[in-house]
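Some notes on the structure that comes next.
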Amino acid sequence: MGDGLEENLPPPLRPLHAMNQKPREGHERSERDSQYLLGVISMRVLSALGRGVLTNSPGEYDNELENVNRILAEEISASDQSITSNGMSIIPRTTTPLLFATTRLLSYLVIHLPSLHLSVPIAKLSAFYKTLSALMLTSSFTSFISHPIRTCRNGIERILRARMEMVDSRQVDWALGEAMAFGSLLKEGVHVRLSGQDVERGTFSHRHHVLHHQSVDKATYKPLCHLYPDQGPYFVCNSSLSEFGVLGFELGYSMTNPNALVCWEAQFGDFNNTAQCIIDQFISSGQAKWVRQSGLVMLQPHGLEGMGPEHSSARLERFLQMSSDDPDYFPPESEEFAVRQLHDINWIVANCSTPANVFHILRRQIALPFRKPLILMTPKSLLRHPEARSSFDEMIENTEFLRVISDDGPVNNNPESVKKVIFCSGKVFYDLRKARKEKQLDESIAIARVEQISPFPYDLVKKQCMKYPNADVCWAQEEHKNQGSWTYVQPRFQTALNGTRDVEPGPAPEQMSLFSKLFGSRKPQLKEPESLLLHPPTPTLRTISYVGRPTAASPATGSKMQHLRELAALLDDAMSL
């Protein structure tokens, strides 16, 4: 064909000669023609979908299935004629190429379509997912398993089922929430970059941002690179096990490209230890030393799940210890409270528990008028946890990142009767909620999640404590007592509950120079303001207690049974009244 179509085909669907790939010996003509035919068919079916040839009304899946088969048959016929006119051998028109073409089309769309829902109406996307699922699960399809598809058919079927169900129920899991954040930024023209060990697939096989051809060597396809005609560039690359070198490079990239979302992911959070020099010397203190801002995102898989001491902890306590906020200073409450805190801190440390919050916090990195490094604790078991999902309604307009997520259960019926309020962060919330339900304490114990740990959300923590005036306050964490967030949050809870010491903020914004407004930090001065002399704060005399594992030298036990015993003891302690 001389219409230039092959240049517009996605890489895995282009003919071999267009990808500069050398066919295997003895299969030059047939494999080249097959690749070309399938590419033409796939692109024409995609074009048909875009033109609205397929119906979108729910309940008409039988008709849609017939339309899919009809369009494929027509395109095979048209492609046969085109291939013949170019002097190529004709592939026999049997059910085999039809089903094989359908299989290739499905493999191309499995991850491509979820990102398109950013611009496709939900009803249309939901109907089309059901169409693809119905087509894939037909007996004629499953009875034909060609060699290139045999090893991945079960995975495709599982992914397709799960994503169809999520779209149908208007929900997203962790991987889809992250993809939506990336895709929405790409649509706005923002450059997104992701590197680290095994980031293309995801350490826990959840991301799949790079598809590998099953029969053509080194032929790959990156769906997020082909979402919109004028989108921003997306670069995802597996890196070597040299955290020091790779993290240092990404830091420099983020500093020279402040309008790009630059992410580095550790294979496990524990592995950031070999990059400690970059973290200590450059990321945590770079702005204070050299007045250079960076919006680098460090994704740190973190959580105690019985995987041993080397695959459990991202050393959250180390990042919090290097945070520059004063534990005894409660900033003045105002509409700019949250943004002012972000401006004054040296970096942001968060441990999110919902896909929607991950979506928002990644987008917030670009939306902020300044740049701060983001240390984001990411989960492992929550990636596929049935309860760790978010609704589409939490990610649309007029929604935002939630620094603290309050309890929306039965405790709201009579807050005065609540006996205990548990603050926690990250994955342990789901363990606590399950234990509370089993012990039937839904009306006696409230659970609040601190999603952004640093800078500390004094205002929202104070609000939560005031909501339950008669409740004991405690902090629950899965990490050991000398690790995790406890040593950081304990004095800040005391400040939120009982007021500040004798401090006052730095100069007002109108008294600051332009340089100070852009790069400075309003450090609290050790003076006693007149407002405190005239109206001293009234301490509530409320304290916060600790619930969690005892102190230990190792981040986690190496025994699965011991891990479960420790978790059971933690939950029993948290549920005691």
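Throughout the sequence shown, residue numbering follows full-length UniProt numbering, covering 1 to 577 in sequence.
Cβ coordinates follow ideal geometry from the N, Cα and C atoms, glycine included.
If contacts are defined as beta-carbon pairs under 8 angstroms, then residue i and residue j qualify, I think. What distance do you get, rounded to the angstrom?
i           : j           : result
residue 542 : residue 465 : 7 angstroms
residue 360 : residue 401 : 4 angstroms
residue 381 : residue 427 : 7 angstroms
residue 295 : residue 327 : So it is not a contact: roughly 26 angstroms between Cβ atoms.
residue 448 : residue 396 : So it is not a contact: roughly 24 angstroms between Cβ atoms.
residue 432 : residue 476 : 6 angstroms
residue 544 : residue 483 : Not confirmed; about 18 angstroms, so no contact.
residue 358 : residue 181 : 7 angstroms
residue 306 : residue 563 : 4 angstroms
residue 570 : residue 549 : 6 angstroms
Between which two residues does the beta strand (DSSP E) carrying residue i extend?
i           : result
residue 350 : 348–351
residue 366 : No beta strand (DSSP E) holds residue 366; the alpha helix (DSSP H) holding it covers 355–367.
residue 545 : 544–549
residue 320 : Premise fails: residue 320 lies in the alpha helix (DSSP H), 316–321, not in any beta strand (DSSP E).
residue 307 : Careful: residue 307 lies outside any beta strand (DSSP E) and carries neither H nor E.
residue 378 : 374–378
residue 541 : No beta strand (DSSP E) contains residue 541, which DSSP labels as neither H nor E.
residue 382 : First-last for residue 382: undefined, no H or E at that position.
residue 195 : 192–196
Using beta-carbon positions only, say whether residue i and residue j come within less than 9 angstroms of one another.
i           : j           : result
residue 344 : residue 455 : yes
residue 276 : residue 197 : no
residue 232 : residue 186 : yes
residue 362 : residue 261 : yes
residue 299 : residue 354 : no
residue 235 : residue 193 : yes
residue 572 : residue 471 : no
residue 425 : residue 387 : no
residue 200 : residue 208 : yes
residue 369 : residue 415 : no
residue 349 : residue 323 : yes
residue 203 : residue 243 : no
residue 467 : residue 444 : no
residue 251 : residue 282 : yes
residue 316 : residue 351 : yes
residue 321 : residue 546 : no
residue 249 : residue 284 : no
residue 356 : residue 312 : no
residue 389 : residue 166 : yes
residue 254 : residue 195 : no
residue 558 : residue 183 : no
residue 338 : residue 229 : no
Between which two residues does the alpha helix (DSSP H) containing residue i stretch?
i           : result
residue 566 : 560–575
residue 338 : 337–344
residue 488 : 486–498
residue 183 : 174–187
For residue i, which of the options has the nearest alpha-carbon?
i           : options            : result
residue 556 : 414, 385, 314      : 314
residue 221 : 274, 389, 212      : 212
residue 493 : 481, 480, 474, 482 : 474
residue 553 : 180, 480, 499      : 480
residue 330 : 496, 273, 564, 256 : 496
residue 340 : 371, 398, 445      : 371
residue 478 : 302, 188, 191      : 302
residue 365 : 567, 190, 490, 574 : 190
residue 179 : 223, 218, 216, 248 : 223
residue 271 : 241, 249, 293      : 241
residue 237 : 210, 215, 227, 430 : 210
residue 412 : 385, 292, 446, 429 : 446
residue 265 : 399, 568, 256, 246 : 246
residue 269 : 568, 399, 376      : 376
residue 394 : 158, 162, 173      : 173
residue 437 : 278, 575, 291, 216 : 575
residue 256 : 188, 226, 463, 293 : 293
residue 551 : 566, 332, 398      : 566
residue 162 : 463, 385, 217      : 385
residue 439 : 346, 568, 334, 218 : 568
residue 463 : 498, 310, 342      : 498
Verify the contact flag: residue i, CB atom, against every heavy atom of the ligand GTP, threshold strictly below 8 angstroms.
i           : result
residue 168 : Judged by which ligands are present, the structure shown has none, so any question about the ligand GTP falls away.
Complete runs of the alpha helix (DSSP H) confined to the region 222–305 [at least 4 residues]
Qualifying alpha helix (DSSP H) stretches, in chain order: 243–256, 286–290.
Tell me the start and end of each unbroken alpha helix (DSSP H) in the region 397–480 that is at least 4 residues and wholly inside, in chain order.
Counting only runs of 4+ residues, the alpha helix (DSSP H) found wholly inside the region 397–480 occupies 428–438, 458–467, in chain order.
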